[in-house]
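Protein chains in written order, with numbering that gives the first Met the number 0: chain L, 0 to 515; chain U, 0 to 515. Every residue, glycine too, gets a C-beta built ideally from N, C-alpha and C. Since the model is a prediction, treat every value here as computed from it, not as a measurement. So the structure is just underneath, and the comments pick up after that.
2 protein chains.
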Amino acid sequence: MTWEEIVDKKRKALFALIPEKWRIPSDQLPPESERSVISFIEQSNLLTAEELAITALKVNELSGKIASGEYTATQVCQAYCHRATIAHQLVNCLTEICFDAALEQAKELDEYFQKHGRTVGLLHGVPISLKDQLRVKGLESCIGYVSFLGKVDGDESILTELLRKAGAIIYVKTNVPQTLRFGETVNNIIGRTSNPYNRLLSCGGSSGGEGALLALHGSPLGVGTDIGGSIRIPASFSNLWSLKPSHGRLPYGNIKTTLDGKESIASVCGPMAHCASDLVYFMQAVLQQEPWKYDPKSIDMPWRETRYLEGKTGKKVFGVIATDGIFGFDGTIMPHPPILRGIQQVITALRKAGHIVVQWQPYKHKYAADLIEKIFSADGAAPAKRIIASSGEPPIPNFKNTYELNIPPIDLESLWKLHTPHSAVKHDDYKYYGYTEVINLLDWPATTIPVTFTDKEKDIKNMQYKCMNDLDKETYEAYDPDIYDGGPVGIQLVGKRLQEEYLLGLTEQIGEALVA
Amino acid sequence: MTWEEIVDKKRKALFALIPEKWRIPSDQLPPESERSVISFIEQSNLLTAEELAITALKVNELSGKIASGEYTATQVCQAYCHRATIAHQLVNCLTEICFDAALEQAKELDEYFQKHGRTVGLLHGVPISLKDQLRVKGLESCIGYVSFLGKVDGDESILTELLRKAGAIIYVKTNVPQTLRFGETVNNIIGRTSNPYNRLLSCGGSSGGEGALLALHGSPLGVGTDIGGSIRIPASFSNLWSLKPSHGRLPYGNIKTTLDGKESIASVCGPMAHCASDLVYFMQAVLQQEPWKYDPKSIDMPWRETRYLEGKTGKKVFGVIATDGIFGFDGTIMPHPPILRGIQQVITALRKAGHIVVQWQPYKHKYAADLIEKIFSADGAAPAKRIIASSGEPPIPNFKNTYELNIPPIDLESLWKLHTPHSAVKHDDYKYYGYTEVINLLDWPATTIPVTFTDKEKDIKNMQYKCMNDLDKETYEAYDPDIYDGGPVGIQLVGKRLQEEYLLGLTEQIGEALVA
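This is the structure:
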């Protein structure tokens with residue numbers, strides 16, 4: 000079979016897994032010209048009132064209603080399966096569907112609950128969506144490569160297993176970019192996943208399918224992975240909350256990757272959610288399963304409630320990255336106007352709540368960003384090139400330049416050129432990773448906090464700004480208020496290594512300050 | 000200067016730092032033919048009664064007597080400085096001496112105690128000896144290489160700093176093999192360190208100077224490092240207790256190494272001591288200083304007393320590595336008779352104490368041992384060769400074969416050939432690291448528990464044993480009851496990753512069972 004035939008077969012198989020009753024006739028879908036589809040589901044009559052009610056709940060509310068018997072796991076599972084199919088038909092975010100297995104799992108959970116009068120764990124009956132990298136028995140993990148199609152996983156990632164032990168229902172996997180290396184989500188199999196807030200814009204990446212699905216409430220809670228920003232970028236592009244923990248806090252065992260043996264900087268997995276407390280709930284639920292007993296690289300560190308409460312209460316001093324008096328600027332690439340406004344909004348809210356906010360001059364930020372790029376490119380992207388070549392598929396636009404350059408491994412200077420701090424970018428326009436990937440280099444935990452939306456009336460370009468360098472110029476010029484309008488603006492909160500509880504407590508404080 | 004001149008200068012400088020009154024005339028030293036010098040100090044009149052009393056104390060007794068005012072830090076410091084010089088004159092174990100600075104530090108601690116009526120930390124006034132790799136301001140860290148001589152450290156290793164914060168006094172550094180890669184201790188600068196129990200035998204390595212110094216009670220507590228057995232080998236060869244923790248539990252920041260960037264298997268530092276409770280005390284004292292606030296690779300994990308008590312109490316099931324029904328045998332290299340007897344002694348003691356002991360068939364042990372050897376040799380030992388070549392000094396006997404082979408990096412198959420499970424080996428005879436280094440590959444914590452001594456009457460060679468392979472044959476044939484007589488026999492207790500507290504609790508239980 001040609002790669003096109005393989006892809007065609009996969010697309011048809013995926014489409015066939017959407018129950019016929021849930022397929023939306025094209026004349027009922029919003030026209031392609033309609034940028035935002037974020038309110039489409041609520042405004043359509045596609046979901047029942049119950050399905051709408053269920054899919055609007057926070058995770059702790061949802062699990063509470065299952066634990067009290069108000070909803071069965073089956074009801075919840077059906078609502079999310081249905082809503083996920085709509086999300087997919089709007090923004091093309093799924094790679095795998097296993098509704099039959101999910102409903103079977105829900106039935107078993109309901110039987111357990113009936114029989115024992117209690118839940119199996121904190122996530123009893125909660126559907127959880129997984130980035131395509133997480134293995135699920137019986138499904139594929141093609142992670143954006145045609146040549147990985149047809150390889151059905153015979154076992155599961157450790158995190159998948161532990162989520163199931165905690166009672167979670169696995170029902171979909173979500174789209175990623177070919178190579179997993181980009182802050183956008185496009186490949187030759189599923190195609191491109193768009194941003195539900197503005198389909199002209201990217202949903203971010205590499206956990207972009209996850210972000211888009213969650214934005215449309217097609218999932219109550221998702222799992223992404225992050226080695227340079229791949230959880231935080233799609234979370235902030237989709238108005239979500241996320242946690243990228245330090246390495247070892249959550250189990251990464253048996254997650255599909257092409258980076259085996261790359262030990263200098265570790266990819267980590269983490270939750271993406273609708274509110275900060277859902278992130279907390281996820282961490283509590285997983286750590287209760289003691290991942291260190293299953294995954295050799297997980298750290299024997301249970302949830303530390305005291306640290307969480309220390310973060311959640313009391314007045315704090317927040318440092319905001321700043322250069323030349325401009326809050327939010329790392330000195331290399333100037334953030335777009337909506338980002339600067341979002342940061343000011345957070346600073347104002349924090350000061351109003353009695354916290355102290357100070358400028359924090361980044362220390363060797365550019366050096367760190369350059370260093371991590373060199374580490375990432377040390378192998379000349381050889382595995383990705385090899386895997387792409389083996390099926391004959393073409394590289395995606397983000398990867399095209401690198402793919403066509405014949406750069407030998409360990410020629411470290413010129414391989415990746417990546418830049419740009421902005422809200423959700425135009426498709427194929429993601430370039431600067433410095434604001435996120437430096438945090439991976441340091442292995443510090445970070446959360447994403449949604450703040451506001453790009454507003455073309457308020458977020459005017461500063462025509463006086465003199466750019467720092469060519470990349471900065473390119474990035475700043477790319478800001479088009481009309482196109483970026485409506486794109487979410489999030490900030491990143493960074494904590495000390497392995498201090499996820501304290502960081503999550505702070506994240507909740509900021510969330511409260513923002514709505515006060 | 001030639002390398003010989005540089006070495007001559009270093010030796011003279013080191014000797015000059017031994018106060019004249021403490022230099023022992025050669026006719027008062029035991030003759031070279033006298034194998035054991037382990038009781039020499041007690042039997043000589045070199046130390047005062049007070050010095051003998053101080054240097055016989057366990058660390059918690061010693062610190063208790065300082066905290067109660069019974070001894071000053073100065074008295075303690077002087078006693079250990081004196082005893083360390085005798086140890087050095089017997090087995091050649093020191094690389095650096097800083098008695099003046101140590102006594103100055105002791106004076107300051109005494110003044111603090113006088114003024115405030117309390118100690119600065121758990122190690123107030125306790126002298127701690129450091130393996131040469133640990134940096135101390137104003138001293139060298141030549142780690143066995145002539146070309147590193149003359150480079151005086153301007154700052155300290157993080158562990159050195161934290162030990163000082165806890166009140167420890169730094170007074171000596173101890174000898175290591177050239178390259179740090181061997182289970183023996185010899186180099187062209189200080190020469191060879193011998194085993195105080197039998198000077199025909201090796202003191203082990205690479206923390207061999209530390210082991211020999213401690214065996215002679217020239218130190219109450221020492222710090223070694225371990226990437227393949229370098230703490231556990233000298234501890235077991237010198238009848239000591241030790242802890243090799245998992246990576247991240249103790250700070251490794253700014254320790255001198257030639258392995259920067261080698262991330263697959265991490266060297267760790269850990270304590271070597273006279274009893275299990277001193278290991279516990281060391282861990283409590285260091286973790287109280289919160290190393291994760293200073294060292295980016297240290298894990299935010301305080302001492303967990305509950306876990307320790309869980310290990311220390313209750314009946315347990317112990318697995319003992321075994322093959323073909325032979326307890327202690329990994330299936331590749333047969334342990335020497337005294338080792339097998341020591342293991343039986345531990346099994347008997349544990350069963351008598353009510354514990355259960357089962358055979359544990361090693362899983363892919365040989366595969367793991369081969370794998371770690373490949374990782375260690377992936378660079379073709381290039382840095383060590385380069386550093387040796389830059390001064391013109393010759394390689395030590397252990398390194399000679401590798402040094403002379405011109406093996407390019409990443410030719411993984413043939414570089415290191417290392418074998419042998421035995422009590423302290425004859426000099427230049429250490430070959431098989433499989434029993435210790437597999438534990439480094441897994442990053443599990445392990446302790447050393449001294450059990451017994453080789454006894455030429457009891458530990459008879461099994462002439463019927465059919466060796467498994469050439470290395471096994473070479474190793475087994477190397478056992479000569481007459482030469483090995485008197486060498487200490489220790490066992491290794493292995494725990495789960497980052498569960499040092501539980502492991503130390505178990506270690507204490509075994510210690511109690513052995514003397515019951």
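Which one of the options has the shortest CA to CA distance from residue i?
i	options	result
residue 211 of chain L	L/172, L/225, L/244	L/172
residue 425 of chain L	L/475, L/482, L/380	L/482
residue 369 of chain L	L/384, L/436, L/469	L/436
residue 215 of chain U	U/51, U/387, U/461	U/51
residue 349 of chain U	U/315, U/329, U/335	U/315
residue 427 of chain U	U/193, U/125, U/24	U/193
residue 293 of chain L	L/272, L/338, L/247	L/247
residue 166 of chain U	U/311, U/498, U/197, U/71	U/71
residue 286 of chain U	U/250, U/320, U/231	U/250
residue 458 of chain U	U/499, U/488, U/442	U/488
residue 270 of chain L	L/355, L/162, L/375, L/366	L/162
residue 18 of chain L	L/67, L/389, L/455, L/77	L/77
residue 277 of chain U	U/301, U/513, U/298, U/213	U/213
residue 306 of chain U	U/178, U/494, U/238	U/494
Taking DSSP as the reference, what is the three-state secondary structure of residue i?
i	result
residue 281 of chain L	helix
residue 170 of chain L	strand
residue 345 of chain U	helix
residue 263 of chain L	coil
residue 88 of chain U	helix
residue 466 of chain U	coil
residue 36 of chain L	coil
residue 225 of chain U	strand
residue 269 of chain L	strand
residue 126 of chain L	strand
residue 119 of chain U	coil
residue 96 of chain U	strand
residue 243 of chain U	strand
residue 448 of chain L	strand
residue 139 of chain U	strand
residue 292 of chain L	helix
residue 12 of chain L	helix
residue 64 of chain L	helix
What do you get for residue i, buried or exposed, if any count of 16 or more other CB atoms within 10 angstroms of its CB means buried?
i	result
residue 245 of chain L	buried
residue 112 of chain U	buried
residue 109 of chain L	buried
residue 14 of chain L	exposed
residue 553 of chain L	Absent from the model: residue 553 of chain L. The displayed extent of chain L is 0 to 515, so no value can be given.
residue 355 of chain U	exposed
residue 227 of chain L	buried
residue 32 of chain U	exposed
residue 461 of chain U	exposed
residue 234 of chain U	buried
residue 464 of chain U	exposed
Please determine if the region 179-199 of chain L and the region 131-149 of chain L are in contact, where contact requires at least 3 C-beta pairs separated by less than 8 Å.
yes
Which runs of the alpha helix (DSSP H) spanning at least 4 residues fall entirely within the region 175-217 of chain U, listed in chain order?
207-214
Just checking, does the region 257-266 of chain U make contact with the region 214-222 of chain U on the three C-beta pairs under 8 Å criterion?
no
Under 8 Å, with one C-beta from each stretch per pair, do the region 447-464 of chain U and the region 339-356 of chain U reach the 3-pair mark?
yes
Which parts of the region 298-356 of chain L are runs of the alpha helix (DSSP H), unbroken and 4 residues or longer, counting only runs that do not cross its ends?
304-311, 336-351
Inter-stretch contact at 8 Å, needing at least 3 Cβ pairs: the region 279-287 of chain U / the region 475-492 of chain L
no
Using 8 Å as the cut-off, can you tell me whether the region 101-108 of chain L makes contact with the region 81-90 of chain L, which would need three or more C-beta pairs spanning the two stretches below that distance?
no
Would you mind listing the beta strand (DSSP E) stretches within the region 471-515 of chain U that are 3+ residues and don't spill past its ends, in chain order?
487-493
Where are the alpha helix (DSSP H) runs, 4 residues long or more, that stay fully inside the region 354-405 of chain L, in chain order?
DSSP assignment within the region 354-405 of chain L yields the following whole alpha helix (DSSP H) runs of 4 residues or more, N-terminal first: 364-375, 381-390, 396-403.
Spell out a yes or no on whether the region 122-134 of chain L and the region 36-54 of chain L are touching, meaning 3 or more CB-CB pairs, one atom from each, closer than 8 Å.
The way I'd put it, the region 122-134 of chain L doesn't touch the region 36-54 of chain L; fewer than three beta-carbon pairs between them come closer than 8 Å.
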